[in-house]
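2 protein chains.
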Amino acid sequence: MEGEDHLAFERNKAEFDVDAMKIVWAGSAHALEVSDRMSRLVASDPAFRKDHRPMLGRKELFKSTLKKAAYAWKRIIELRLTEEEASMLRSFVDEPAFTDLHWGMFIPAIKGQGTEEQQQKWLPLAQRMQIIGCYAQTELGHGSNVQGLETTATFDPKTDEFVIHSPTLTSSKWWPGGLGKVSTHAVVYARLITDGRDHGVHGFIVQLRSLDDHLPLPGITVGDIGMKFGNGAYNTMDNGVLRFEHVRIPRDQMLMRVSQVTREGKYVQSNVPRQLVYGTMVYVRQTIVSDASTAMSRAVCIAARYSAVRRQFGGNNGSLESQVIDYKTQQARLFPLLASAYAFRFVGEWLKWLYTDVMKRLQANDFSTLPEAHACTAGLKSLTTSATSDGIEECRKLCGGHGYLCSSGLPELFAVYVPTCTYEGDNIVLLLQVARHLMKVISRLGSGKKPVGTTAYMGRVEQLLEARSDVQKAEDWLNPNTVLRAFEARAARMSVACAKNLTKFSNPEEGFQELLADLVDAARAHCQLIVVSK
Amino acid sequence: MEGEDHLAFERNKAEFDVDAMKIVWAGSAHALEVSDRMSRLVASDPAFRKDHRPMLGRKELFKSTLKKAAYAWKRIIELRLTEEEASMLRSFVDEPAFTDLHWGMFIPAIKGQGTEEQQQKWLPLAQRMQIIGCYAQTELGHGSNVQGLETTATFDPKTDEFVIHSPTLTSSKWWPGGLGKVSTHAVVYARLITDGRDHGVHGFIVQLRSLDDHLPLPGITVGDIGMKFGNGAYNTMDNGVLRFEHVRIPRDQMLMRVSQVTREGKYVQSNVPRQLVYGTMVYVRQTIVSDASTAMSRAVCIAARYSAVRRQFGGNNGSLESQVIDYKTQQARLFPLLASAYAFRFVGEWLKWLYTDVMKRLQANDFSTLPEAHACTAGLKSLTTSATSDGIEECRKLCGGHGYLCSSGLPELFAVYVPTCTYEGDNIVLLLQVARHLMKVISRLGSGKKPVGTTAYMGRVEQLLEARSDVQKAEDWLNPNTVLRAFEARAARMSVACAKNLTKFSNPEEGFQELLADLVDAARAHCQLIVVSK
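First to last, the protein sequences are chains G and H. Read in UniProt numbering, the first sequence has 139 at position 139, and its numbers run on one by one without any break. Read in UniProt numbering, the second sequence has 430 at position 430, and its numbers run on one by one without any break.
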């Protein structure tokens with residue numbers, strides 16, 4: 001009984017070429033081969049086991065993560081894995097760890113914001129893991145509003161040093177992964193103050209712990225912020241809290257690629273375009289959209305397999321009960337999520353193209369498409385991660401009681417996924433950025449400036465406001481153009497309605513605040529249109 | 001700074017009598033006094049601490065729950081608490097434990113389904129906790145479809161015994177709380193078979209573990225089914241798996257209040273009305289609705305306080321940033337949940353009345369209102385628990401990153417609450433029961449049989465189908481009757497549309513299966529109307 005393949009019957013019904021679809025999903029035959037090989041490597045090695053993770057206490061869990069991260073590093077070197085292979089291996093190890101921040105935020109921050117000299121000094125240390133770094137931006141009182149950060153870095157010309165200080169409770173750094181227990185260094189974001197003037201938020205390399213005994217250095221208070229949602233999940237990460245009591249660092253530990261402080265304490269801007277930062281944002285958010293499709297596909301896969309195997313009701317006279325996948329209620333909940341997983345994958349592929357395009361233009365000093373690309377990736381990050389969080393939980397419910405067991409994989413998948421709705425831009429705040437962009441596009445329509453990229457349809461706004469769907473019967477919806485027109489008309493109408501209502505306020509910012517809820521809806525409709533159109 | 005009451009400003013703005021509202025919420029001044037006293041008792045006793053719960057491994061967590069349950073029992077006796085006080089104390093201890101099943105399911109099952117003799121034999125043992133019992137109904141392959149249970153209880157007239165057996169993998173008992181590690185006994189639900197005839201599912205008292213060394217008795221395989229969703233949460237419960245290999249029990253351990261098996265193996269029904277079982281269901285689901293309002297209110301309370309304290313954006317020139325509770329997007333998400341918490345509380349109070357009314361009628365052999373009351377409680381259980389699960393998660397998101405920390409209380413609240421959507425009737429299956437009832441009500445409209453209770457509005461169906469809302473402007477919605485009429489018209493139209501579509505099928509059951517998704521929507525609309533009307 002246990003050896004039977006209960007899914008063979010369903011699998012044999014596939015009307016498409018499964019192997020061809022695997023390649024489409026992976027992006028290329030090469031990507032599929034690497035992914036397949038790395039997944040087998042992780043699955044077949046008991047050192048990477050995950051099944052006991054949910055029942056470990058925090059301390060054992062954290063120890064096991066350190067061990068696994070060290071072991072993965074060892075295997076990557078032994079097997080001489082390429083960067084692509086190593087990154088795929090880490091994604092199958094599938095356990096958040098301090099290394100994510102070290103490789104994914106600390107090193108890139110130095111690369112992106114450090115001068116040549118700074119890179120030469122710090123990168124080799126970091127790449128050999130002789131120092132371990134994290135990215136200390138968010139504060140207890142300041143998440144979305146980065147410009148409101150309170151930590152100060154005051155230049156002292158007498159000693160040629162910056163004094164890093166946490167002036168209030170709310171200025172405590174809060175959340176950085178890798179900070180709580182592991183990191184020896186951090187890129188710390190703080191308000192730069194020279195000669196009494198506040199120059200806004202800048203990055204500084206600060207050593208936190210001794211390289212001899214790993215104890216915090218004088219003036220530094222650091223610790224773990226405690227348990228997070230779920231079993232296992234993000235509890236393998238040492239998210240931390242950090243406070244500075246007038247900690248001094250040499251002047252050359254300010255990241256000085258874009259702006260500098262001279263020996264005399266003068267603040268100087270370099271000629272490196274600040275817009276490059278937005279390029280990085282487009283990149284990070286594009287990977288988040290791809291990851292959304294992966295997370296959604298995992299959940300849908302578990303729920304679809306369960307629905308095919310599980311039988312309930314409808315068995316009469318000793319015949320088998322009905323497969324729950326045949327219930328319309330199950331289908332109405334599961335199939336749209338399956339479709340979303342594919343839609344997010346394709347929109348993620350398109351975002352890769354968008355990133356390449358934006359970077360090419362930036363290098364040619366063409367910043368014209370940047371605002372649209374920025375709004376577009378912000379909106380898609382928001383839309384896809386919210387839908388995926390909700391979708392994973394829906395898949396869990398679709399597995400009935402069994403989805404509540406950690407052995408289904410769904411509880412940990414949900415718990416480890418949901419912070420994606422908050423980090424790299426809170427999903428509501430991001431939709432409001434999209435809304436601001438849409439309002440700007442509409443306000444410029446009269447000026448003859450043509451809307452570009454994903455807002456191009458706004459150029460046909462008068463036509464769209466008057467458009468009526470020619471749908472007569474259900475099957476008409478199977479025409480993709482009909483669907484696209486409907487989404488365009490909907491998005492255009494919602495945005496235009498907001499824009500009209502905004503004009504009723506003498507103070508535009510007051511109007512914006514008053515209409516927030518409608519603006520979020522309009523932005524969401526616009527993002528849904530983008531997903532439909534790609 | 002830390003000693004300041006950041007909420008005083010908001011609290012002082014209340015335009016209603018807060019103390020009077022507390023009494024309304026509690027149900028009475030007496031209930032408020034008991035609740036207040038018990039909450040202080042639990043909060044002030046370090047033995048009941050909860051803060052370390054999320055970071056414990058499974059073994060330490062379970063040990064700490066056993067300790068707490070024993071300590072609570074000791075305090076209840078020392079303080080000579082009344083049943084009301086004891087139950088309130090347990091609810092503030094707020095940790096699922098085997099005792100929930102022992103007191104809440106095992107003992108009531110014997111009381112409700114056992115004969116006088118059986119009660120006299122088993123209840124004193126259970127009430128002194130000399131035996132500990134659980135409720136073994138659900139099987140690995142059978143949850144919602146109780147009639148499909150596979151465990152067998154075959155009468156052997158030679159020895160005057162029942163043979164309890166698990167014939168298949170799917171017949172393994174799966175989920176019962178208290179079963180995995182603690183229970184010595186269980187009420188086991190199994191198909192009664194006498195002389196080759198299957199009489200359907202009945203309850204049997206079966207000893208599982210030795211009272212001397214707590215080891216499983218011969219023929220019994222029993223264990224814990226592992227980790228469940230979340231930190232702490234339901235992992236304090238030993239949900240279990242149980243298999244029988246031809247286990248023999250004396251004939252008098254079948255619960256024989258409603259039906260009996262004689263010494264000769266004859267199956268006999270008593271004259272106790274079977275409908276009494278539905279009375280119990282109405283009772284249990286009524287408590288679930290009250291509990292939904294409690295869970296929702298906790299989450300809303302945390303999110304509302306956070307929203308008042310948290311400030312983000314909008315601070316200029318050193319002034320404080322804006323409280324996030326002042327953002328319309330925050331309000332549009334939070335306030336409906338606050339309103340739902342109150343709505344569910346009031347509908348729960350009304351269900352208490354309904355239960356009393358149903359029980360009075362049952363005792364007078366009046367079964368006329370039972371189907372409507374049963375459909376009504378099933379629907380309200382489904383609606384309120386789904387809304388509360390989603391609401392808790394929404395509150396968690398409303399707290400931004402901070403809601404992801406266990407210290408916010410929200411992750412554990414969500415994880416411990418969500419199974420409510422599945423147990424005591426899966427929420428989708430329950431809505432389909434409501435839909436079946438609604439279709440029956442509509443089909444009988446022509447017969448002159450007046451719809452009763454919460455379906456009474458169906459008597460005005462023709463009028464409702466033609467009704468048009470007279471709403472002209474937003475403020476018109478502030479008239480409760482306008483809202484009520486709109487909900488009535490909506491519910492009636494959705495049900496009537498389903499009923500019409502059903503007539504297009506020659507096989508009504510096939511039609512029902514085809515229209516499942518629409519039927520669920522119609523049932524939900526009906527339940528929303530009930531909440532609005534109470």
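We treat Cβ as the ideally placed atom computed from N, Cα and C, and that holds for glycine.
G:P419 belongs to the set of residues whose beta carbon lies under 9 Å from a beta carbon in chain H.
Proximity of the segment 384-393 of chain H to the segment 351-368 of chain H falls short of the contact definition, fewer than three beta-carbon pairs being nearer than 8 Å. Residues of the segment 394-406 of chain H with a C-beta atom less than 7 Å from some C-beta of chain G are K397, G400, G401, Y404, L405, C406, listed in chain order. For G:V241, no alpha helix (DSSP H) encloses it; the enclosing beta strand (DSSP E) starts and ends at 240-244.
Here DSSP, grouped into helix, strand and coil, assigns H:L405 to strand. Taking 9 Å as the cut-off, the Cβ atoms of G:H199 and G:S171 do not count as close.
CA-to-CA, the gap between H:T280 and H:G348 works out to about 16 Å.
Measuring C-alpha to C-alpha distances from G:N239 to each of G:D224, G:Q330, G:Q253, G:V247 identifies G:D224 as the nearest. When Cβ pairs closer than 8 Å are counted between the two stretches, the segment 30-48 of chain G is seen to touch the segment 71-91 of chain G, the count reaching three or more. Using a Cβ-Cβ cut-off of 9 Å, G:R191 does not count as an interface residue toward chain H, since no Cβ of chain H sits closer than that to its own.
Check the Cα spacing between H:R305 and each of H:G409, H:S35, H:D252, H:T385: the tightest is with H:G409.
Around the beta-carbon of G:W174, 16 or more other beta-carbon atoms lie within 10 Å, marking it buried. Of the candidates H:S166, H:A233, H:M439, H:W350, H:W350 places its Cα closest to the Cα of H:V282.
G:I225 reaches chain H at L405, S407, counting residues in chain order whose Cβ is nearer than 9 Å. Ranked by Cα distance from G:E245, the options G:T152, G:R444, G:R90, G:I442 are led by G:T152. In this model, G:V18 and H:S183 are separated by some 49 Å (Cα to Cα).
Between the alpha carbons of G:G180 and G:Y234 lies a gap of roughly 13 Å.
In summary, the residues of the segment 319-334 of chain H whose CB is separated from some CB of chain G by less than 7 Å are E321, Y327, K328, T329, A332, in the order they occur in the chain.
DSSP places G:H165 in the uninterrupted beta strand (DSSP E) bounded by 161-165.
In this model, G:M55 and G:P411 are separated by some 13 Å (Cα to Cα). Per DSSP, G:G57 lies in no beta strand (DSSP E) and is assigned neither H nor E. In this structure, G:R248 is the residue among G:N501, G:R248, G:R460 with its C-alpha nearest to the C-alpha of G:I164. With respect to chain H, the C-beta atom of G:F313 has a partner C-beta closer than 9 Å. With a cutoff of 9 Å on beta-carbon distance, H:L398 and H:A303 are scored as near each other. Its Cα nearest to that of G:M129, the residue G:I107 stands out among G:F344, G:I107, G:E139. When CB distances to chain G are screened at a threshold of 8 Å, the residues of the segment 497-513 of chain H falling below it are Q513, in chain order. Annotation for H:L445: M458, V461 place their beta carbon closer than 7 Å to its own, counting only its chain and skipping 5 residues before and after. I225, G226, M227, K228, F229, G230, N231, Y234, N235: these are the residues of the segment 217-250 of chain G whose beta carbon lies less than 8 Å from some beta carbon of chain H, given in chain order. With a threshold of 16 other beta carbon atoms within 10 Å, G:W122 meets it and is buried. With a cutoff of 9 Å on beta-carbon distance, H:Q528 and H:F487 are scored as near each other. Contact check between the segment 376-390 of chain H and the segment 515-530 of chain H: three or more CB pairs, one atom from each, fall below 8 Å, which counts as touching. With its beta carbon at least 9 Å from every one in chain H, G:E349 lies outside the interface. When secondary structure is reduced to three states using DSSP, G:Y355 falls in the helix class. Cβ neighbours of H:I442 within its own chain (closer than 8 Å, five residues either side excluded): M458, V461, S495, V496, A499. Checking the DSSP bridge columns, you'll see G:E139 partnered with G:H142, G:K173. In terms of Cβ geometry, H:G230 and G:F48 do not form a close pair [threshold 9 Å].
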